[in-house]
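Quick note on numbering: the sequence shown equals residues 1 to 509 in full-length UniProt numbering. Beta carbons are placed, not taken as given, at the ideal position from N, Cα and C, and that holds for glycine. These notes concern the structure reproduced below.
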Amino acid sequence: GSSAPWAAVVIQKFILSCSFIPGIQSYAKFSEMCRWDSGSTVGDFDGHSKRVLSCDFKPTRPFRIVTCGEDFLANYYEGPPFKFKHSIRDHSNFVNCIRYSPDGSKFITVSSDKRGLIYDGKTGDKIGELSSEDSHTGSIYAVSWSADSKQVLTVSADKTAKVWDIMEDASGKVNRTLVCTGIGGVDDMLVGCLWQNDHLVTVSLGGTFNVFSASNPDKEPVSFAGHLKTVSSLTYFPQSNPRTMLSTSYDGVIIRWIQGVGYGGRLIRKNNTQIKCFVAAEEELITSGYDNMVFRIPLNGDQCGDAESVDVGGQPNALNIAVQQPEFALITTDSAIVLLHKSTVTSTTKVSYTITSSAVSPDGTEAIVGAQDGKLRIYSISGDTLTEEAVLERHRGAITSIHYSPDVSMFASADANREAVAWDRATREIKLKNMLFHTARINCLAWSPDSRLVATGSIDTCAIIYDVDKPASSRITIKGAHLGGVHGLTFADNDTLVTAGEDACVRVW
């Protein structure tokens with residue numbers, strides 16, 4: 001990466017704030033500042049009794065460093081070598097952010113006491129304050145200066161951003177209040193901001209970025225977001241126009257992505273519960289959480305309708321829609337196979353083994369159920385009746401994922417003992433074996449649209465792509481696809497794989 005010098009205050013092993021230091025290759029760690037290239041000390045940062053929340057470096061000579069934190073203090077240091085000069089005790093609550101103006105003449109602090117105070121950049125003496133008229137009504141979490149050092153942008157728990165004019169006497173007056181459209185609740189609180197050229201960027205607690213134009217603030221902001229928790233599933237709609245994909249995370253967030261565009265908005269459900277299992281068709285979502293309830297939610301574009309719920313008698317571990325008969329769904333719990341027609345349970349089949357995964361054929365006439373014992377049990381479905389047709393024994397670990405190929409001539413299965421197998425559906429013989437190149441549990445599977453490639457994702461952070469017409473050894477491995485593991489896979493086309501994982505990211509390969 002870049003060799004640009006920087007300084008940071010690190011508390012409890014987390015970098016909470018950092019600042020670029022022109023000409024000094026250093027960093028601050030705990031209460032010490034060191035050169036990043038040699039580790040030699042360049043200063044001490046005593047003076048805080050609680051966690052430090054922010055720091056900044058004066059960009060012009062004479063150099064200064066300022067810090068602030070949960071002890072209601074802002075500390076001022078002179079150097080290099082940097083030494084504590086004095087504490088600023090003007091705030092009555094957490095001092096959340098501190099920033100020097102680009103010209104170095106001033107710095108500003110913002111606090112949970114709803115105030116913003118301005119200080120002389122060279123001496124650290126207080127010289128001004130943001131006006132209380134039309135000020136924030138909640139904690140101020142972040143502040144950023146304009147390039148000309150004449151304005152600042154602040155964001156607050158009151159869910160607004162404000163642009164302030166900094167006057168000659170260092171007082172601040174509100175120039176404009178920016179309101180960000182949100183989803184409701186505490187997730188709309190604004191916790192970060194940046195004034196970058198003509199862009200005013202705000203970040204909400206829920207992870208939504210809003211980008212305003214500084215020269216035309218009345219213009220509707222550009223909004224985009226992502227996941228904050230593990231992305232657990234991906235569903236691609238190849239027939240949609242434009243082509244779209246849905247990603248879900250355990251905290252209940254569903255995001256729509258548009259091919260060639262990116263972020264397409266967040267789907268808001270009225271029952272915004274956690275999501276353990278998820279499956280979708282063009283016009284419907286089916287979700288389940290960590291109880292016995294399954295929700296069928298009509299989908300119209302990016303709008304969710306009223307959900308219909310059904311109690312399936314146990315916590316689901318897999319949800320399946322018969323693509324050619326979308327009103328039909330197959331749900332499995334640890335001990336039962338449940339058939340649904342719309343939101344009505346039409347059949348519940350208790351089993352003597354522990355179910356861990358399942359799949360249903362597109363026409364809804366066949367189901368494959370994977371178990372803790374590593375066996376695959378194939379059932380025929382006629383009306384509301386399940387009949388066991390075959391038991392396939394190959395895996396040495398619990399089955400974690402099962403998927404039919406798009407042409408329905410094959411299916412693939414994977415287990416917790418890091419093996420995947422591709423099967424011929426008609427003969428129920430192994431089509432591709434020795435898919436043993438992961439080093440840990442396989443979490444997910446996906447087929448390419450032409451049914452030639454099968455991809456696997458594992459907690460070993462890798463995704464592996466196999467060609468069913470070639471030996472498994474000719475695989476393509478994507479190493480380090482997701483820190484913490486790969487949890488979701490889908491093909492956008494025959495040459496493009498999309499992955500998702502524990503790092504809360506969605507990636508296209």
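Excluding sequence positions up to five away, which residues of its chain have a Cβ less than 8 Å from the Cβ of residue i?
i	result
S92	F72, S111 and D113
V391	K375, L376, R377 and I378
Q239	E282
S335	G314, K350, V351, T354 and I355
N434	P471, A472 and S473
P362	A322, V323, Q324, Y404 and V408
S215	D198
With distances taken Cα to Cα, identify the nearest neighbour of residue i among the options.
i	options	result
Q324	I88, S249 and G364	G364
N96	E70, G313 and S309	E70
V231	K276, W195, P221 and I286	K276
I127	D134, E133 and S105	S105
T273	R256, G264 and S249	S249
A170	V186, L178, D125 and T244	D125
A500	T123, S382, H482 and K50	H482
R243	D251, G182, G262 and K229	G262
V211	D467, S474 and G192	G192
V203	A440, L228 and S215	L228
S132	K122, A142, T123 and K162	K162
R64	D311, V174, E78 and T177	E78
S405	T41, R35, L445 and S223	L445
S288	N494, V253 and G301	V253
D310	F278, S343 and I465	Looking at the sequence itself, residue 310 is Val, so the reference to Asp does not match. Comparing Cα positions, the closest option is S343.
L453	I442, I465 and F209	I465
Y76	T123, R441, S40 and I118	T123
Y290	D251, R256, E308 and G260	D251
F94	D306, A74 and L432	A74
S223	G264, L340 and H341	G264
G43	V179, P62 and P80	P80
State yes or no: is the C-beta of residue i within less than 8 Å of the C-beta of residue j?
i	j	result
H136	D120	no
S380	E389	yes
L246	A225	no
E502	G480	no
I140	G116	yes
A371	I337	no
G47	F84	yes
G457	S233	no
T385	S358	no
M320	V294	The amino acid at residue 320 is misidentified as Met; the sequence shows Asn. No, the Cβ-Cβ distance between N320 and V294 is not below 8 Å.
residue 514	A329	Lying outside 1 to 509, the shown extent of the chain, residue 514 is not represented and no answer is given.
D447	H395	It should be noted that the sequence gives Trp, not Asp, for residue 447. No.
A416	G397	yes
A492	I478	no
A422	V468	yes
C68	S49	no
V508	T490	no
Quick one: what's residue i bridged to in DSSP?
i	result
residue 556	With the chain running from 1 to 509 in the structure shown, residue 556 is simply not present.
H341	F328 and T344
Y77	I65 and F84
Q196	H199
N210	T202 and S223
E366	S380
S156	I140
T41	C34
W145	V152
V508	V498
G185	DSSP lists no partner for G185.
Y353	None, per the DSSP bridge assignment.
With a CB to CB cut of under 7 Å and the five nearest residues on each side skipped, what residues in its chain are close to residue i?
i	result
P102	P59, W145, A147 and S149
P326	A281 and E284
D373	Y353
D407	S451
G312	It is worth fixing the name first, because residue 312 is Val in this sequence and not Gly. Cβ neighbours of V312 beyond the five flanking positions: N292, V294, I331, T333, V338 and V345.
Within 8 Å of any Cβ in chain B, is that where the Cβ of residue i sits?
i	result
V360	In the structure shown, chain B cannot be found, because there is only a single protein chain.
Going along the chain, which residues of its own chain have a beta-carbon closer than 6 Å to the beta-carbon of residue i, five neighbours each way excluded?
i	result
D56	S19, V66, I98, R99 and Y100
C304	L267, R269 and I297
K219	S213
T348	A336 and V338
D188	K159, G182 and S204
V143	C97, R99, I108, V110, V152 and T154
T439	D460
H86	Y76
P221	N210, V211 and F212
**OP:** Give, in chain order, every unbroken run of the beta strand (DSSP E) that is at least 3 residues long and sits entirely within the region 245-325.
**Re:** 254-258, 262-267, 277-281, 284-288, 293-300, 308-311 and 318-322
Subject >> Complete runs of the alpha helix (DSSP H) confined to the UniProt repeat "WD" (392-424) [at least 4 residues] >> reply: none
Original post:
Which runs of the beta strand (DSSP E) spanning at least 3 residues fall entirely within the UniProt repeat "WD" (435-476), listed in chain order?
Top reply: 442-447, 453-458 and 463-467
**OP:** Tell me the start and end of each unbroken beta strand (DSSP E) in the UniProt repeat "WD" (88-129) that is at least 3 residues and wholly inside, in chain order.
**Re:** 95-100, 106-111, 116-120 and 126-129
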